[in-house]
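Following the numbering used here, the numbering of the sequence shown begins with 2 at its first residue and continues without gaps. This report concerns only the one structure given below.
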Amino acid sequence: MNGQLNQKYYVELSLFEYSLEELFELIDLDDFIRLFTCTLLEYRIILFSKVYYRLMLIAECVTCLLLPFYWLHVYAPILPVSLTHFVDAPVPFIMGINIPDPCYNNDNHHNEKYPFIKQYVSDNHTQEYFYSPSVELASETNVCYVYIDEGRVIVPDEIPEFPNSQDTKQSLLEILKLAKNLSR
Numbered sequence: 002m003n004g005q006l007n008q009k010y011y012v013e014l015s016l017f018e019y020s021l022e023e024l025f026e027l028i029d030l031d032d033f034i035r036l037f038t039c040t041l042l043e044y045r046i047i048l049f050s051k052v053y054y055r056l057m058l059i060a061e062c063v064t065c066l067l068l069p070f071y072w073l074h075v076y077a078p079i080l081p082v083s084l085t086h087f088v089d090a091p092v093p094f095i096m097g098i099n100i101p102d103p104c105y106n107n108d109n110h111h112n113e114k115y116p117f118i119k120q121y122v123s124d125n126h127t128q129e130y131f132y133s134p135s136v137e138l139a140s141e142t143n144v145c146y147v148y149i150d151e152g153r154v155i156v157p158d159e160i161p162e163f164p165n166s167q168d169t170k171q172s173l174l175e176i177l178k179l180a181k182n183l184s185r
């Protein structure tokens with residue numbers, strides 16, 4: 002070997018300006034593995050947050066960690082309110098929806114500008130319900146809801162377990178611990 006990289010094995014890392022440490026402060030490891038599994042399975046992923054930066058952070062981290070794969074489907078980390086009906090598309094996507102506070106007018110009628118529904122959402126993984134904004138979909142098949150501000154990932158369908166998830170989780174915990182020690 003003459004020191005040159007063989008092109009078929011060379012993968013250029015994309016520019017990445019977000020902190021993975023912040024990602025794991027917002028979403029715990031088990032939920033992240035569930036989100037990553039849904040991404041690999043090409044689910045429809047809907048992100049909710051009151052903070053635009055968090056929508057970008059989660060969307061960018063997930064797509065960056067797919068390397069050497071790429072997300073080739075619809076990608077709108079911040080979806081304009083006027084286009085929220087796009088989440089009903091029957092194709093894989095990653096879309097982020099900024100949730101204004103409050104989602105309803107003072108008179109408690111549905112606000113036309115922000116077509117969100119406050120509802121109790123069932124978390125099939127923990128069997129808990131929590132009150133959160135959501136959207137009405139014609140079909141919830143292959144949908145992954147990510148409630149960033151609450152730190153929850155909800156998948157109405159049963160998904161296969163991520164291969165070697167315990168080993169992966171342990172490796173990620175060690176890397177995060179090392180990163181915290183280096184940042185001190």
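C-beta atoms are modelled at their ideal positions from N, C-alpha and C, and glycine is treated no differently. It should be emphasised that the depicted structure is a prediction, and the values quoted were computed from it without experimental measurement.
Check whether the Cβ atoms of residue i and residue j lie closer than 8 angstroms to each other.
i      : j     : result
Val147 : Leu36 : yes
Val63  : Thr38 : no
Leu84  : Ile59 : no
Leu80  : Ile98 : yes
Ile149 : Leu27 : yes
At which residues does the alpha helix (DSSP H) containing residue i begin and terminate?
i      : result
Asn182 : Ser166 to Leu183
Ala90  : Run containing Ala90: none; DSSP gives neither H nor E here.
Suppose you measure from the CA of residue i to the CA of residue j; what does that come to, to the nearest Å?
i      : j      : result
Val88  : Ile47  : 8 angstroms
Met57  : Lys170 : 23 angstroms
Val92  : Leu179 : 38 angstroms
Glu141 : Tyr44  : 10 angstroms
Tyr71  : Pro101 : 31 angstroms
Leu67  : Pro78  : 16 angstroms
Val82  : Tyr53  : 13 angstroms
Leu138 : Tyr19  : 30 angstroms
Phe49  : Ala90  : 17 angstroms
In chain order, what residues of the same chain lie with their CB nearer than 8 angstroms to the CB of residue i, ignoring the 5 residues before and after it?
i      : result
Ile34  : Phe163, Ser166, Thr169 and Lys170
Gly152 : Leu27, Ile28, Asp29 and Asp32
Counting only the same chain and skipping the five closest in sequence on each side, list residues whose C-beta sits under 6 angstroms from that of residue i.
i      : result
Val154 : Asp32, Arg35, Leu36 and Val147
Asn182 : none
Ile95  : Ile46, Ala60 and Tyr76
Phe17  : Cys65
Ile160 : Thr38
At what residues does the beta strand (DSSP E) containing residue i begin and finish?
i      : result
Val63  : Element bounds for Val63: not the beta strand (DSSP E) but the alpha helix (DSSP H), Tyr53 to Cys65.
Phe49  : Arg45 to Ser50
Asn34  : Per the sequence shown, the amino acid found at residue 34 is Ile instead of Asn. Not the beta strand (DSSP E): Ile34 falls in the alpha helix (DSSP H), residues Leu30 to Leu41.
Val82  : No beta strand (DSSP E) contains Val82, which DSSP labels as neither H nor E.
Val147 : Val144 to Tyr148
Who are the near neighbours of residue i in its chain, counting only those whose CB is closer than 7 angstroms to its CB and skipping five residues on each side?
i      : result
Met2   : For Met2, the predicted structure reports a pLDDT of 46, less than 50, and the residue's modelled location is therefore unreliable. A value from the coordinates is still provided. None.
Arg173 : A small fix is needed here, since residue 173 is Leu in this sequence, not Arg. Cβ within range, chain order: Leu30.
His110 : In this predicted model, His110 has a pLDDT of only 41, less than 50, meaning its place in the structure is not dependable enough to derive any value.
Leu21  : Cys62
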